[in-house]
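Asks:
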Amino acid sequence: MWKRLDVIFVLKSPLHIGYLPFKGFVISPTRYYIPGKNLWGVITKRATENLYPTRPSDKYREIGEQIKENFKFSYFYLYDGDTIFVPSYTEEGLIFGDKEQIINKFEFEHRFIGSRVLTAIDCYLGTAKDESLHEIEFIKDKFKDKEGQVKDTRLIGCIWVKNGTNLNGNEIECNEKKGIFVGSFNLIEELIIGGEQNYGFGLMKLERIINGRFPIKDSPEGGEIKIVIKENEPILSHFKYTKDISFCGDIEIIAGRGYFDIEEAGGKSATEYKKGAGKIISNKGYFLSPGTLLKSERKVSLDWNGILSEE
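Per our numbering: the sequence shown = residues 4 to 314.
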């Protein structure tokens, strides 16, 4: 069985969740949500460095595989305390929000998205690299609501932990009010996630846990978590595309860079971690984008990284 926590984080600095670079793009765009794989990555890092503070590089992959088998992460979406700004494709275009409030893409970007010109940092000299000027999008850590009040940006989503989980013999405890603990260390108390961390981006802190707030209906079945996607309701994460699916929305290729591919058997050894950052490129194929509407109800499986599939 699984323990579900609906978690709210508050942003303490801007957040950039990037795509692979696009040729011809002047600006590096950000996703408007945090994919589950990003949560897996940062919690793997925190757990490994807490358990093995002197030589964590030997253990990143080992702990990451254990978290992959015993944790599941939804995608996390922007939240203003009332409205969860999930995307939804309509005949009028992409909209964001829920029954509390709906806004169009232009208003969403005006309220929550900013951009900044930066230079890449030479990690050895601590100075700007030549010819590295670039512009990036980011999710603002503060925004003005419809009344003009300045508020902190929050993100909300779900984390599931399998009952009886341990990491190399260290028991994991889920506290419905305080977080996820290994010993006295709270794995989700403070996370640094996403890109441009050299500029202080990506800091978010646990604000609270409110079970049942995130709009996803799960049904644990043995070792799996099943999700019911209702007809003409937006999906809340990427969904593996097959030719028999009728939908209204968008398709994209999921690809990314990393130190290793956690799903690749016999991949890079743990001792090679942090040699050649971003050297490994993973390409998982075609997926329906979050916000896509399915034309028929389906019961699907939720993977460790939040991705949905019928496999």
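Where is the CB? At the ideal position from N, CA and C, for every residue including glycine.
Can you have a look at Gly100 and say buried or exposed, based on whether 16 or more other CB atoms are within 10 angstroms of its CB?
Replies: To locate residue 100, count along the sequence shown from 1; it is residue 97. Residue burial is scored here from C-beta neighbours: Gly100 has at least 16 other C-beta atoms within 10 angstroms and is therefore classed as buried.
Asks: Have a look at Tyr92 and Leu297 and give me their C-alpha separation to the nearest angstrom.
Replies: Here the question's residue 92 lines up with position 89 in the sequence shown. Here the question's residue 297 lines up with position 294 in the sequence shown. Their backbone Cα atoms lie some 10 Å apart in a straight line.
Asks: Roughly how many angstroms separate the alpha carbons of His113 and Gly167, rounded to a whole number?
Replies: Position 110 of the sequence shown holds residue 113. Position 164 of the sequence shown holds residue 167. A straight line joining the alpha-carbon of His113 with that of Gly167 spans about 45 Å.
Asks: So the candidates are Ser304, Gly252, Thr295, Met207; which of them puts its Cα closest to the Cα of Lys15?
Replies: Residue mapping note: residue 15 aligns to position 12 of the sequence shown, counting from 1. Answer by Cα proximity: Met207.
Asks: At the level of alpha carbons, what is the spacing between Ser31 and Ser249?
Replies: The residue you call residue 31 lines up with position 28 of the sequence shown. The residue you call residue 249 lines up with position 246 of the sequence shown. Cα-Cα distance, rounded: 31 Å.
Asks: Which of helix, strand or coil does DSSP assign to Thr33?
Replies: Taking the first residue of the sequence shown as position 1, residue 33 is located at position 30. Thr33 falls in the strand class under three-state DSSP.
Asks: What does the Cβ neighbour count give for Lys147, buried or exposed, with the cut at 16 atoms within 10 Å?
Replies: The residue you call residue 147 lines up with position 144 of the sequence shown. Exposed: under 16 other Cβ atoms inside 10 Å.
Asks: Rounding to the nearest angstrom, what Cα-Cα distance links Trp307 and Val153 in this structure?
Replies: Along the sequence shown, read from residue 1 onward, the residue named residue 307 stands at position 304. Along the sequence shown, read from residue 1 onward, the residue named residue 153 stands at position 150. Distance between the alpha carbons of Trp307 and Val153: 35 Å.
Asks: Please state whether the Cβ-Cβ distance between Ile265 and Gly21 is less than 8 Å.
Replies: Within the sequence shown, residue 265 is the residue found at index 262, counting from 1. Within the sequence shown, residue 21 is the residue found at index 18, counting from 1. Contact: no.
Asks: Return the CA-CA distance between His19 and Ile254, expressed in angstroms with no decimal places.
Replies: Taking the first residue of the sequence shown as position 1, residue 19 is located at position 16. Taking the first residue of the sequence shown as position 1, residue 254 is located at position 251. C-alpha separation (whole angstroms): 22 Å.
Asks: Please report the straight-line C-alpha distance between Arg34 and Glu103, rounded to a whole angstrom.
Replies: Taking the first residue of the sequence shown as 1, we reach residue 34 at position 31. Taking the first residue of the sequence shown as 1, we reach residue 103 at position 100. In a straight line, the C-alpha of Arg34 is about 23 Å away from that of Glu103.
Asks: Please state the DSSP three-state secondary structure of Phe188.
Replies: Numbered from 1 along the sequence shown, position 185 holds the residue referred to as residue 188. Phe188: strand per DSSP, three-state reduction.
Asks: What does the alpha-carbon distance come out to for the pair Tyr289 and Cys251?
Replies: Counting from one through the sequence shown, the residue named residue 289 turns up at place 286. Counting from one through the sequence shown, the residue named residue 251 turns up at place 248. Here the alpha carbon of Tyr289 sits roughly 15 Å from the alpha carbon of Cys251.
Asks: Please name the residue, chosen from Cys161, Gly44, Lys287, Lys62, that lies closest to Trp5 on a Cα-to-Cα basis.
Replies: Reading the sequence shown from its first residue, position 2 is the one you call residue 5. Looking at the Cα atoms, Cys161 is the closest of the given residues.
Asks: If you follow the beta strand (DSSP E) that Glu224 is in, where does it begin and where does it stop?
Replies: Here residue 224 refers to the residue found at position 221 when the sequence shown is read from its first residue. Taken as a continuous stretch (DSSP letters only), the beta strand (DSSP E) holding Glu224 covers 221–224.
Asks: Helix or strand or just coil, what does DSSP make of Phe109?
Replies: For this step, residue 109 is matched to residue 106 along the sequence shown. Three-state DSSP puts Phe109 in a helix.
Asks: What span of residues does the alpha helix (DSSP H) with Leu54 cover, start to end?
Replies: Looking up residue 54 in the sequence shown gives position 51. It spans 39–54 - the alpha helix (DSSP H) in which Leu54 sits, taken as one unbroken run.
Asks: Report all residues from its chain with a CB closer than 6 Å to the CB of Gly309; omit the five preceding and five following residues, and keep chain order.
Replies: By one-based count along the sequence shown, residue 309 stands at place 306. If we look at Gly309 and ignore the five residues flanking it on each side, its Cβ neighbours are Gly39, Phe76, Ser77, Tyr78, Ser240.
Asks: The alpha helix (DSSP H) spanning Glu72 covers which residue range?
Replies: Residue numbering aside, residue 72 sits at position 69 when the sequence shown is read from its first letter. Here the alpha helix (DSSP H) through Glu72 covers 63–73.
Asks: Among Lys233, Leu54, Lys246, Trp43, which one has its Cα closest to the Cα of Val185?
Replies: Residue 185 sits at position 182 when you count from the first residue of the sequence shown. Nearest of Lys233, Leu54, Lys246, Trp43 to Val185, Cα basis: Leu54.
Asks: Under a Cβ-count criterion, where at least 16 other Cβ atoms within 10 Å of its own Cβ denotes burial, should Ser292 be classed as buried or exposed?
Replies: The sequence position of residue 292 within the sequence shown is 289, counting from 1. With 16 or more Cβ atoms within 10 Å of its Cβ, Ser292 is classed as buried.
Asks: If I follow the unbroken beta strand (DSSP E) through Ile175, where does it start and stop?
Replies: To locate residue 175, count along the sequence shown from 1; it is residue 172. Its beta strand (DSSP E) spans residues 173–178.
Asks: Helix, strand or coil, according to DSSP, for Arg216 in the structure here?
Replies: Here residue 216 is taken as the residue at index 213 of the sequence shown, counted from 1. In the structure shown, the three-state DSSP call for Arg216 is coil.
Asks: Any contact between the region 81–98 and the region 187–202? By contact I mean 3 or more CB pairs, one from each, below 8 Å.
Replies: The region 81–98 makes no contact with the region 187–202: fewer than 3 CB pairs, one atom from each, lie closer than 8 Å.
Asks: For Leu8 and Glu300, I'd like the C-alpha separation in whole angstroms.
Replies: On the sequence shown, residue 8 is found 5 positions in, with the first residue counted as 1. On the sequence shown, residue 300 is found 297 positions in, with the first residue counted as 1. In a straight line, the C-alpha of Leu8 is about 25 Å away from that of Glu300.
Asks: For Val13 versus Ile159, is the C-beta spacing smaller than 8 Å?
Replies: Within the sequence shown, residue 13 is the residue found at index 10, counting from 1. Within the sequence shown, residue 159 is the residue found at index 156, counting from 1. It is not a contact, given that the beta carbons lie outside the stated cut-off.
Asks: May I ask you to report which of helix, strand or coil DSSP gives Arg58?
Replies: The residue labelled residue 58 in the question sits at position 55 within the sequence shown. Coil.
Asks: When we look at the beta-carbon of Thr274 and count the other beta-carbons within 10 Å, is it buried (16 or more) or exposed?
Replies: Here the question's residue 274 lines up with position 271 in the sequence shown. Only weak support exists for where Thr274 lies, its pLDDT of 46 falling under 50; the value from the coordinates is given anyway. Exposed, because fewer than 16 other Cβ atoms sit within 10 Å of the Cβ of Thr274.
Asks: Taking Ile341 as the reference, give the member of Leu311, Arg211, Lys246, Glu224 with the closest Cα.
Replies: Past the boundaries of the shown model lies residue 341; the chain is included only from 4 to 314, so the question cannot be answered.
Asks: For the putative contact between Gly118 and Glu138, defined by C-beta atoms under 8 Å, what is the C-beta separation to the nearest angstrom?
Replies: For the purposes of this step, residue 118 is taken as the residue at position 115 of the sequence shown. For the purposes of this step, residue 138 is taken as the residue at position 135 of the sequence shown. The residue asked about is misnamed: residue 118 is Ser in this sequence, not Gly. Confirmed, about 6 Å.
Asks: Quick one: what does DSSP say Phe146 is sitting in, helix, strand or coil?
Replies: Walking along the sequence shown from the start, residue 146 turns up at place 143. DSSP places Phe146 within a strand segment (E or B) once states are collapsed to three.
Asks: Quick check on Gln152: does DSSP put it in helix, strand or coil?
Replies: Taking the sequence shown and counting its residues from 1, one reaches residue 152 at position 149. Under the three-state reduction of DSSP output, Gln152 falls in the coil class, being neither helix nor strand.
Asks: List the endpoints of the continuous beta strand (DSSP E) containing Thr93.
Replies: Within the sequence shown, residue 93 is the residue found at index 90, counting from 1. Per DSSP, Thr93 belongs to the beta strand (DSSP E) from 90–93.
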